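S.K.: Chains as they are written, first to last, in this note's numbering: chain S, 6 to 272; chain Z, 6 to 350; chain P, 371 to 638. Quick reminder that beta carbons are idealized off the backbone N, C-alpha and C, glycines included. All of these numbers come straight from a predicted model, not from anything done at the bench. So that we are looking at the same thing, I have put the structure below in structure tokens.
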Amino acid sequence: MNSLLEINGLSVAYKIGKNLNEVVKDVTFSVDIGETLAIVGESGSGKSTVALSIVRALPENAIITKGSIFFEGKDLLKLDLKSLRYIRGKDISIIFQDPLAHLNPLRKVKLLFKDLFNDHGLEFDLQRVVELLNKLKIPDPQRVLDAYPYQLSGGMAQRVFIALALAMNPRLLIADEPTSALDLTIQSQVVKLLKEVKKSFKVSMIIITHDMGVAASIADRIVVMHNGKVVEEGPPEEILIQPKSDYTKNLVISARRLYEGGLKWIS
Amino acid sequence: MDILIECKNIKKTYYVGGLLNRRPVRALNEVSLEVEEGRTHCIVGESGSGKTTLARIIALIERPDEGSVKVFGHDALKYFEGDLEEGVRKFIRRNIQMVFQDPYSSLNPRKKVADILAKPFKVYNIDYDKERIKELLSSVGLTPPEYYLDKYPHQLSGGQRQRITIARALALLPKIIILDEPTAALDMTIKEQILNLLINLKKNYNITYVLISHEVPIITNICDDITVMYHGNVVEVCDHNTLRTAVHPYTIGLLSSVLIPNPESRFKDIFAIPGEPPSQITSASGCVFAPRCPLASEICIKHEPKLVEVSKRHRVACHMFDVRYFDDYENYRKSLIERWRGWYL
Amino acid sequence: MRVLDPLGISIVLAILLVAVGVSAEWLAPYDPFNTRMFRSLQPPNSVNLMGTDQLGRDIFSWVIYGIRTSLLVGLTSATLSIIIAISVGLLAGYRGGMMGGLLMRMTDVFLSIPRFMLVIVAVVLLTPKIVNIILVIASFSWPEAARVIRSEILSIKEREYVTAAKVLGLRDLDIMLSEILPNITPTILSLWTLVIAEAILTEAALGFLGFSDSNFPSLGMMLMMAKNAIFVGGWWVLLFPSIVIIILILTFNLLSDKLIERFSPKLR
Numbered sequence: 006m007n008s009l010l011e012i013n014g015l016s017v018a019y020k021i022g023k024n025l026n027e028v029v030k031d032v033t034f035s036v037d038i039g040e041t042l043a044i045v046g047e048s049g050s051g052k053s054t055v056a057l058s059i060v061r062a063l064p065e066n067a068i069i070t071k072g073s074i075f076f077e078g079k080d081l082l083k084l085d086l087k088s089l090r091y092i093r094g095k096d097i098s099i100i101f102q103d104p105l106a107h108l109n110p111l112r113k114v115k116l117l118f119k120d121l122f123n124d125h126g127l128e129f130d131l132q133r134v135v136e137l138l139n140k141l142k143i144p145d146p147q148r149v150l151d152a153y154p155y156q157l158s159g160g161m162a163q164r165v166f167i168a169l170a171l172a173m174n175p176r177l178l179i180a181d182e183p184t185s186a187l188d189l190t191i192q193s194q195v196v197k198l199l200k201e202v203k204k205s206f207k208v209s210m211i212i213i214t215h216d217m218g219v220a221a222s223i224a225d226r227i228v229v230m231h232n233g234k235v236v237e238e239g240p241p242e243e244i245l246i247q248p249k250s251d252y253t254k255n256l257v258i259s260a261r262r263l264y265e266g267g268l269k270w271i272s
Numbered sequence: 006m007d008i009l010i011e012c013k014n015i016k017k018t019y020y021v022g023g024l025l026n027r028r029p030v031r032a033l034n035e036v037s038l039e040v041e042e043g044r045t046h047c048i049v050g051e052s053g054s055g056k057t058t059l060a061r062i063i064a065l066i067e068r069p070d071e072g073s074v075k076v077f078g079h080d081a082l083k084y085f086e087g088d089l090e091e092g093v094r095k096f097i098r099r100n101i102q103m104v105f106q107d108p109y110s111s112l113n114p115r116k117k118v119a120d121i122l123a124k125p126f127k128v129y130n131i132d133y134d135k136e137r138i139k140e141l142l143s144s145v146g147l148t149p150p151e152y153y154l155d156k157y158p159h160q161l162s163g164g165q166r167q168r169i170t171i172a173r174a175l176a177l178l179p180k181i182i183i184l185d186e187p188t189a190a191l192d193m194t195i196k197e198q199i200l201n202l203l204i205n206l207k208k209n210y211n212i213t214y215v216l217i218s219h220e221v222p223i224i225t226n227i228c229d230d231i232t233v234m235y236h237g238n239v240v241e242v243c244d245h246n247t248l249r250t251a252v253h254p255y256t257i258g259l260l261s262s263v264l265i266p267n268p269e270s271r272f273k274d275i276f277a278i279p280g281e282p283p284s285q286i287t288s289a290s291g292c293v294f295a296p297r298c299p300l301a302s303e304i305c306i307k308h309e310p311k312l313v314e315v316s317k318r319h320r321v322a323c324h325m326f327d328v329r330y331f332d333d334y335e336n337y338r339k340s341l342i343e344r345w346r347g348w349y350l
Numbered sequence: 371m372r373v374l375d376p377l378g379i380s381i382v383l384a385i386l387l388v389a390v391g392v393s394a395e396w397l398a399p400y401d402p403f404n405t406r407m408f409r410s411l412q413p414p415n416s417v418n419l420m421g422t423d424q425l426g427r428d429i430f431s432w433v434i435y436g437i438r439t440s441l442l443v444g445l446t447s448a449t450l451s452i453i454i455a456i457s458v459g460l461l462a463g464y465r466g467g468m469m470g471g472l473l474m475r476m477t478d479v480f481l482s483i484p485r486f487m488l489v490i491v492a493v494v495l496l497t498p499k500i501v502n503i504i505l506v507i508a509s510f511s512w513p514e515a516a517r518v519i520r521s522e523i524l525s526i527k528e529r530e531y532v533t534a535a536k537v538l539g540l541r542d543l544d545i546m547l548s549e550i551l552p553n554i555t556p557t558i559l560s561l562w563t564l565v566i567a568e569a570i571l572t573e574a575a576l577g578f579l580g581f582s583d584s585n586f587p588s589l590g591m592m593l594m595m596a597k598n599a600i601f602v603g604g605w606w607v608l609l610f611p612s613i614v615i616i617i618l619i620l621t622f623n624l625l626s627d628k629l630i631e632r633f634s635p636k637l638r
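This is the structure:
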């Protein structure tokens, strides 16, 4: 069994007033060890909800109506909070689009790492953290450690966020729209960084994105979601050259027209 | 071709911080721009480049601190001070319209679509009827138009809202429409739809666009003239053709960092310009891009480069520019990328 | 569904109270001012539903007319206050500059001096006539409301649809009335009901201290009588006016709360 993560028949609904709004409908896919999977979809496709379900960080009004998420043989949806806390941040990590919204503004970066170590019952290892920051090409790690998150630039904050996510050597890293809302040059930096992470940390990754370009640059396999369902999945060669479903065809045609229309001469 | 908007050496500075530590943020530094009738002019840049400030100045909702702005031949200063005849003033205002980035906040949440679209007519006392509004809705692709008349913005999707914003700008058939990141907040398929809509409208109604965007694919698909901005300065001005042989390192870096959705992409080394754009507060001397430029030399750190004409419809502000680069352009470009790659330890 | 939720209840209550106030002449069994010493301090009975005070006045009638007085003062002064607050807040928020600064300094002054003291002094100086009371309460409550309105406008005027209106060519007055005002309506409604509650409380307090207009039965004034009445066992003089004051204030406070709740999520 090469699967690190297996999602089977996952269905999630949001409770709005008296109505139950199904956002994820019967989603099934898996991630192999060492694989980078991209979940591509437009807004409202349910892709972020799937990511949040894996780490069980859904908002209060969300209900997982059915399905299972097996991680290394254990169903995450059936775990009690204690075991869950043990896995979160240690075996499975997640980073989001807006780092500053997820990093405690009142703690210096060094303390954020300290908190992380302590949460998992480990001694704070400064050496290891500095090594990690160096590996992620963060210049002047000491200065960054002594700073508050809001004092860092957008790109730097995202790197620190990724560092925190990797500090415990997780086996699965989930990145929820890591490049949206960033400038073009910083976007490329982040994707480049994630690619290096893939190589040097030997961690499996799930990248959630609406940008086909991002997916094509990094993923071994692409899962396309639309309206809560998995519409198609396969390697980039299949999805981008010979998509099977109509929806994927449309998506890919749009993407390629946008990029190739003007940029054929860039390679 | 008429020059509809002409900006010369515009400077604009904002101030941040409280009473005791007000610091200047240099949004625009000696920026010049010319918008020619019938040619879509794109302003490309990332956050902090000053593109939004420039858009607001062109849209006449902000005044530059220094420099001159001429619209339709009239001095914008006179427009602001009320020194223009009422008819001229109205003519200018109604012929420069704007489409905004965020489809969620550019429509009044308490107004119905029909009211929003009727507003332009009301402001200028132009007769209109329901048919005209329906025509407007159809021309931006919202059919059947009756369906949309009574809707409130929160009942519509992002793409639909953006179409309404475009319809509102289009209502009085202005000569110029300024679009500030019109597709940045939209999904990919919708981006393409809006792009096509804009191209069609331009053909049918002969509008001159000033398009601000950081999305390279949008720009390369619709633009005739391109102004590249970095940290408040114009670094390069080219047109659709000369863009292929852009020479400023920033432009080349920008174009090369686009992530292309084809299956070969993951086997290629991703390129990204190392470093970060400078914080908005610094006002270092010399070329703004020098800290990140692989060609930077002494002169670049000391003196600010001026825009110099390279060929027809191609200007660049770079001390290190040499016309011989065109002899072997591919080599020039490749060596830039290589040098940058070498910066990654 | 609509009538049973908190918003519905408070609206219904408010309407009921106003109805009582309007039809006081028909609802009150006796003339509230009629003093009959032989019926002094009677506990609630079939003739006097809420008993009588030391001077023999029927408390039930007094309370009904008292509701009218409270609402009269409350609604009038609040409405006057809000109208001024909107005008000033709109100008200060949208135009800013000197007006904004002036407004801020004014409200700062009010915040530092106990407002109620000012109210009492002003009422005493002008003599306790109902018109004066209304004017004084209105004069001292508009600055804070204007401040709230101003800060909301400060945030709204940065919204893109306001910029869009400017680009379309709308003049400032048009923008204030057609773009901004509709978007602060929920806040205005909520502020209005809040000021009503405050005004009712202030009027009752004035009455308690003996500064109400003697031509208008004040619930507070009856509480003043209650001060002495409880020493001789007249609990009904205290109980009934108190309950009614509480109901009045709670109703409008609740209404204010629920109005804000109702309008907030919709706008996003």
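Using Cβ-Cβ distances below 9 Å, what residues of the stretch 98-132 of chain S are close to chain Z?
M.R.: Answer in chain order: no residues at all.
S.K.: Here's the rule: buried if 16 or more other CB atoms are within 10 angstroms of the residue's CB, otherwise exposed. What is N553/P?
M.R.: Label assigned to N553/P: buried.
S.K.: Please determine, among V219/S, N232/S, D251/S, the residue with the shortest C-alpha to C-alpha distance to K273/Z.
M.R.: Nearest C-alpha to K273/Z: V219/S.
S.K.: Which one of N34/Z, D192/Z, R99/Z has the shortest CA to CA distance from V239/Z?
M.R.: Minimum Cα distance to V239/Z is reached at N34/Z.
S.K.: Using a 10 Å radius around the Cβ and a threshold of 16 neighbouring Cβ atoms, would you call L171/S buried or exposed?
M.R.: Looking at its Cβ environment, which holds 16 or more other Cβ atoms inside 10 Å, L171/S is buried.
S.K.: Any residues in the stretch 187-198 of chain Z with a beta carbon nearer than 7 Å to a beta carbon of chain S? Which ones, in chain order?
M.R.: Residues D192, M193, T194, K196, E197.
S.K.: With a 10 Å radius around its C-beta and 16 neighbouring C-beta atoms as the bar for buried, classify L637/P as buried or exposed.
M.R.: Any reading at L637/P is ruled out, since the residue's pLDDT is 43, under 50, leaving its predicted position unreliable.
S.K.: My output table needs one value for Y91/S: the three-state DSSP class, helix, strand or coil.
M.R.: Helix at Y91/S.
S.K.: In terms of residue numbering, what span does the beta strand (DSSP E) encompassing V228/S cover?
M.R.: Its beta strand (DSSP E) spans residues 226-231.
S.K.: So, does the stretch 20-28 of chain S touch the stretch 77-92 of chain S, judging by three or more C-beta pairs under 8 Å?
M.R.: Not touching, per the Cβ criterion.
S.K.: By the criterion of Cβ-Cβ separation under 7 Å, what are the contact partners of G160/S in chain Z?
M.R.: Here the neighbours are E281.
S.K.: Would L264/Z pass as an interface residue toward chain S - the criterion being a Cβ-Cβ separation below 8 Å?
M.R.: Yes, L264/Z counts as interfacial toward chain S.
S.K.: Please list, in chain order, the residues of the stretch 518-544 of chain P that have any C-beta partner in chain Z closer than 8 Å.
M.R.: The stretch 518-544 of chain P vs chain Z, Cβ under 8 Å: R529, E530, Y531, T533, A534, A535, K536, V537, L538, G539, L540, D544.
S.K.: Output yes if chain Z places a C-beta closer than 8 Å to the C-beta of S8/S; else output no.
M.R.: Not one chain Z Cβ lies under 8 Å of S8/S.
S.K.: Mapping the DSSP letters down to three states, classify E11/Z as helix, strand or coil.
M.R.: It is a strand residue.
S.K.: Helix, strand or coil, according to DSSP, for R31/Z in the structure here?
M.R.: If DSSP states are grouped into helix, strand and coil, R31/Z belongs with the strands.
S.K.: Taking the straight line between their C-alpha atoms, what separation do you get for Y330/Z and H245/Z?
M.R.: Distance between the alpha carbons of Y330/Z and H245/Z is about 19 Å.
S.K.: Please report how far the alpha carbon of L141/Z lies from the alpha carbon of P556/P, in whole angstroms.
M.R.: Going by the C-alpha atoms only, they are around 32 Å apart.
S.K.: What residues of chain Z sit near R262/S, judged by a beta carbon separation below 7 Å?
M.R.: By Cβ distance, chain Z contributes E197.
S.K.: Which chain P residues are close to P69/Z, counting only those with a beta carbon under 8 Å from its beta carbon?
M.R.: Within 8 Å Cβ-Cβ: nothing; P69/Z doesn't reach chain P, min ~17 Å.
S.K.: Grouping DSSP H, G and I as helix and E and B as strand, with all else coil, what is L38/Z?
M.R.: L38/Z: strand per DSSP, three-state reduction.
S.K.: Going by beta carbon distance, what residues of the same chain come within less than 7 Å of I566/P, once the five residues before and after it are set aside?
M.R.: Contacts found: G444, L445, A448, F622.
S.K.: Pop quiz: I195/Z and P187/Z are said to be a contact at Cβ under 8 Å. What is the actual Cβ separation, rounded to whole angstroms?
M.R.: Actually they are not in contact, since the Cβ atoms of I195/Z and P187/Z sit about 11 Å apart, beyond 8 Å.
S.K.: Is there contact between the stretch 518-525 of chain P and the stretch 459-473 of chain P, where contact requires at least three CB pairs shorter than 8 Å?
M.R.: Short answer: they touch.
S.K.: Taking 8 Å as the threshold (beta carbon to beta carbon), is G218/S in contact with chain Z?
M.R.: Judged by the 8 Å Cβ criterion, G218/S is in contact with chain Z.
S.K.: Output yes or no for whether 8 Å exceeds the beta carbon distance between F77/Z and L9/Z.
M.R.: For F77/Z and L9/Z, yes; Cβs fall inside 8 Å.
S.K.: Just tell me which of V293/Z, K117/Z, C243/Z has its CA closest to the CA of I224/Z.
M.R.: Out of V293/Z, K117/Z, C243/Z, C243/Z has the C-alpha closest to the C-alpha of I224/Z.
S.K.: With a threshold of 8 Å between beta carbons, is A119/Z in contact with chain P?
M.R.: No, its Cβ sits nowhere closer than 8 Å to a Cβ of chain P.
S.K.: Can you confirm whether S52/Z, when its beta carbon is compared against all beta carbons of chain S, has any partner nearer than 8 Å?
M.R.: Yes, S52/Z counts as interfacial toward chain S.
S.K.: Give the straight-line distance between the Cα atoms of R27/Z and S290/Z, rounded to the nearest whole angstrom.
M.R.: R27/Z and S290/Z: Cα-Cα distance of roughly 20 Å.
S.K.: With DSSP as the reference, please indicate the residues paired to R320/Z in a beta bridge.
M.R.: DSSP lists V242/Z, E314/Z as partners of R320/Z.
S.K.: Under a Cβ-count criterion, where at least 16 other Cβ atoms within 10 Å of its own Cβ denotes burial, should W396/P be classed as buried or exposed?
M.R.: Result: exposed.
S.K.: Who are the Cβ neighbours of D225/S in its own chain at under 6 Å, not counting the five residues just before and after it?
M.R.: So the qualifying residues of the chain are E40, T41.
S.K.: For A81/Z and chain S, any beta-carbon pair shorter than 8 Å?
M.R.: Answer no: the Cβ-Cβ gap between A81/Z and chain S never drops below 8 Å.
S.K.: Provide the residue(s) that pair with M468/P in DSSP beta bridges, ordered along the chain.
M.R.: According to DSSP, M468/P bridges with nothing at all.
S.K.: E11/S by DSSP, collapsed to three states: which one?
M.R.: Note: E11/S maps to strand in three-state DSSP.
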